[in-house]
Amino acid sequence: MQKTGVKTFILLTFIVIIGIGLLFSCKISKKSLRISEPVIGTYEILEKIPVERIWPGTQVGYSLLTHENHQFIAYYDENRQMTVAQRLLDSKDWTFKKLDSFIGWDSHNYITMALDKEGYLHVSGNMHGVPLIYFRTSLPYDVTTLEQELSMIGKNEKRVTYPKFFLGPKDELIFTYRDGGSGNGKNFYNLFNTETKKWQRLLERPLIDGEGLMNGYSVGPVKGPDGWFHMSWIWRDTPDAETNHDLSYAKSPDMINWFTANETPLTLPIKLNTPDVIVDPVPIKCGMINGNGQIGFDSQNRVILSYHKFEDCSDSTSPTQFYNARLENGEWKIYQTTNWDYRWYFEGRGSLVSELRIGRAKYSDGKLRQLFTYPGKGSSSFILSEVTLKPISIEAPIQWPIEIQTVRSTFPNMSARVVRDSWESKTGEEYIIRYETLPSNRDKPYPKPWPDPVILEVYRLSTSLN
Numbered sequence: 005m006q007k008t009g010v011k012t013f014i015l016l017t018f019i020v021i022i023g024i025g026l027l028f029s030c031k032i033s034k035k036s037l038r039i040s041e042p043v044i045g046t047y048e049i050l051e052k053i054p055v056e057r058i059w060p061g062t063q064v065g066y067s068l069l070t071h072e073n074h075q076f077i078a079y080y081d082e083n084r085q086m087t088v089a090q091r092l093l094d095s096k097d098w099t100f101k102k103l104d105s106f107i108g109w110d111s112h113n114y115i116t117m118a119l120d121k122e123g124y125l126h127v128s129g130n131m132h133g134v135p136l137i138y139f140r141t142s143l144p145y146d147v148t149t150l151e152q153e154l155s156m157i158g159k160n161e162k163r164v165t166y167p168k169f170f171l172g173p174k175d176e177l178i179f180t181y182r183d184g185g186s187g188n189g190k191n192f193y194n195l196f197n198t199e200t201k202k203w204q205r206l207l208e209r210p211l212i213d214g215e216g217l218m219n220g221y222s223v224g225p226v227k228g229p230d231g232w233f234h235m236s237w238i239w240r241d242t243p244d245a246e247t248n249h250d251l252s253y254a255k256s257p258d259m260i261n262w263f264t265a266n267e268t269p270l271t272l273p274i275k276l277n278t279p280d281v282i283v284d285p286v287p288i289k290c291g292m293i294n295g296n297g298q299i300g301f302d303s304q305n306r307v308i309l310s311y312h313k314f315e316d317c318s319d320s321t322s323p324t325q326f327y328n329a330r331l332e333n334g335e336w337k338i339y340q341t342t343n344w345d346y347r348w349y350f351e352g353r354g355s356l357v358s359e360l361r362i363g364r365a366k367y368s369d370g371k372l373r374q375l376f377t378y379p380g381k382g383s384s385s386f387i388l389s390e391v392t393l394k395p396i397s398i399e400a401p402i403q404w405p406i407e408i409q410t411v412r413s414t415f416p417n418m419s420a421r422v423v424r425d426s427w428e429s430k431t432g433e434e435y436i437i438r439y440e441t442l443p444s445n446r447d448k449p450y451p452k453p454w455p456d457p458v459i460l461e462v463y464r465l466s467t468s469l470n
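For the sequence shown, our numbering gives the first residue as 5, with consecutive numbering after it.
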C-alpha cells in the first residue's frame, strides 16, 4: 500500500452521553441567563453502516479514526475482545482484527490509536495499573498486520494507565502514559522513530513527579495557536477522588524544554514545590476532579484553564461553580463564571459518573464559547464575555438526530454513546460511531442478568447551521 503523510488523529476520545444521566433533579438558581434559539443547527444522516455486535456491560471509551480514504474503529466485541475494524470509505465491507486483550468491568480501560507519518497504525488500551498493552501494524493501513509489542522502552511499563498518542512539533508520533497508581504514579513520554521503527524516551525523566506522595492528572499537552505545547494538571494524594488539589500549568516549545507561564525555565521533573507552576491552590475536598484544567484560548490567544470547585472551600454546603483562569500580563487571573446553587460532592475510588462537566474555551466566529453539562440544564454552550469570562448567553448545541439519541435496548438503565471522529472535517460532514452501554459502576461487576450484545454503527452526517 502507498505510504502517505498523516497530519491528524485523535487527541482524546470525547464521549457524548445522550441517554440517562444528562438531566438531574436538583435545585437550580433563578439567576438564569438568556437562552438563544433552541437549536443552532441540525444534523442530517447521510449514511449508516453497521460494524458488529459489542459488549454493552462496561462503559468504556472507543476510538474512531479516519484518514483520507481509510477508516478505523477500535472497540470491544460481544465477547469483550479488543477489536480493530477497517474499511475504505467507498465500501461498507469491514476487515476485522481480533487482538489478544479482553475487557473486564473497568471503565478506565479505553482504547486509543493513531497513524504515524508512514501510515502504520498504533493501538493501545485496556490498561489500569497493568503491564503495557500495545499493538502496531507491520504494513501501512493494514489492520490484519497488527501484532502485539511487549514493550516500547523496556522499563516503567509494568503499571500502565491513561495511554495517549499525539503529534509533536514536527508531526512525530508521541506516546504518553502513567506508570504507577493513583497517588504515586509518574508520567512518561516516548517518541517513535519511523526509520528504525523503534520507540525511545522523549524525556529521560518524568515530566511531573509526585515523589511517591501523589501523582499528577494532566490535560494535554495541547498545541496552541502560538505554536507552544500547553499542559495543565492537578495533584491527587490517594486513589480517593476527593484528594485532588492544586491546579497547575507549564508550557513548552518543543516538548523537551519546559517553562512556567512567564517563560522561566523549569527543571524536570516538575514537583508540587516547583515555583510558579500552581495556578489556583485548590485544597483537597474542594470539588475539583481530574480532567479539570481544560485548555483553551481567547481571541488574543491568551491561555484559559477551565475547571470547577466549591465556591467556598471552608463551607460544607457551598455550591459547585465553574471557573476560568486566564493568563493576563504574566499573571493568572481567576474568574468565577457561574453563580448557581447545585453542589456536587464526590468521594471514593473507581470511575465516577460525572454530574457536571466544563469544557475548554474556544474562540470562533467572533464568539468565545464554552461547552458545559450541568444538572437541570443539560448540555449547552456559554457565550462568554471576553472581558469578564462570564456568560452573556447560553447557546443550545446542535442536537443529534432522534435515531441516534433514542435508546433501542429494552434493558434497564442503558444509554446511547457517541464517539466523534478524530478527523476534523472541512466539508460540513463528519463521522461518528454510536453504541449503547450501561453506566460505569465504579469499575465493579454488575450482578446478572446482563444486557444482550448491541450493534456498533458508523454514521456519516452533514451539518447545517440555522
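Backbone N, C-alpha and C fix where the C-beta goes; we use that ideal spot for every residue, glycine too.
**OP:** Name the residue from Met-117, Glu-176 and Leu-270 whose alpha carbon lies nearest to the alpha carbon of Asn-197.
**Re:** Glu-176
**OP:** Kindly confirm or deny that the segment 142-157 and the segment 97-107 touch, where touching means at least three C-beta pairs closer than 8 Å.
**Re:** yes
Original post:
For Asn-113, which residues from the same chain have a beta carbon less than 7 Å from its beta carbon, with the 5 sequence-adjacent residues on both sides left out?
Top reply: Val-64, Ile-107, Gly-129, Asn-130, Met-131 and His-132
Subject >> Cβ separation of Trp-237 and Ser-222, assumed to be a contact under 8 Å, to the nearest whole Å >> reply: 4 Å
**OP:** Can you tell me which of the three DSSP states Thr-62 falls into?
**Re:** coil
Subject >> Assigned exposure category for Pro-285 - 16 Cβ within 10 Å defines buried >> reply: exposed
**OP:** Report yes or no: do three or more beta-carbon pairs, one from the segment 263-280 and one from the segment 381-391, lie closer than 8 Å?
**Re:** no
**OP:** Say whether the segment 428-441 touches the segment 52-66, bearing in mind that this needs 3 or more beta-carbon pairs closer than 8 Å, one atom from each stretch.
**Re:** yes
Original post:
Quick one, are the C-beta atoms of Gly-172 and Pro-144 less than 8 Å apart?
Top reply: no
**OP:** Work out the CA separation of Asn-343 and Leu-309 for me, nearest whole Å.
**Re:** 18 Å
Original post:
In the structure shown, what three-state DSSP assignment does Thr-324 receive?
Top reply: strand
Original post:
Ile-49 and Pro-405: beta carbons closer than 8 Å?
Top reply: yes
Subject >> Coarse secondary structure for Gln-304, derived from DSSP in three states >> reply: coil
Original post:
Got a sec, what are the start and stop residues for the beta strand (DSSP E) Ile-178 sits in?
Top reply: 177-183
Subject >> With 16 other Cβ atoms within 10 Å as the buried cut-off, status of Asn-296 >> reply: buried
Original post:
What separation, rounded to the nearest whole angstrom, lies between the Cα atoms of Asp-120 and Ser-426?
Top reply: 14 Å
Original post:
According to the Cβ coordinates, are Gln-90 and His-74 closer than 8 Å?
Top reply: yes
Subject >> Bounding residues of the beta strand (DSSP E) (the contiguous stretch that carries Ile-387) >> reply: 382-388
**OP:** Give the range of the beta strand (DSSP E) segment to which Ile-437 is assigned.
**Re:** 433-441
**OP:** Could you tell me which residues DSSP pairs with Arg-424 in its beta bridges?
**Re:** Ile-436
Original post:
Whose C-beta lies closer than 8 Å to the C-beta of Asn-294 among residues of the same chain, with five residues either side of it excluded?
Top reply: Tyr-221, Ile-238, Arg-240, Ala-245 and Asn-248
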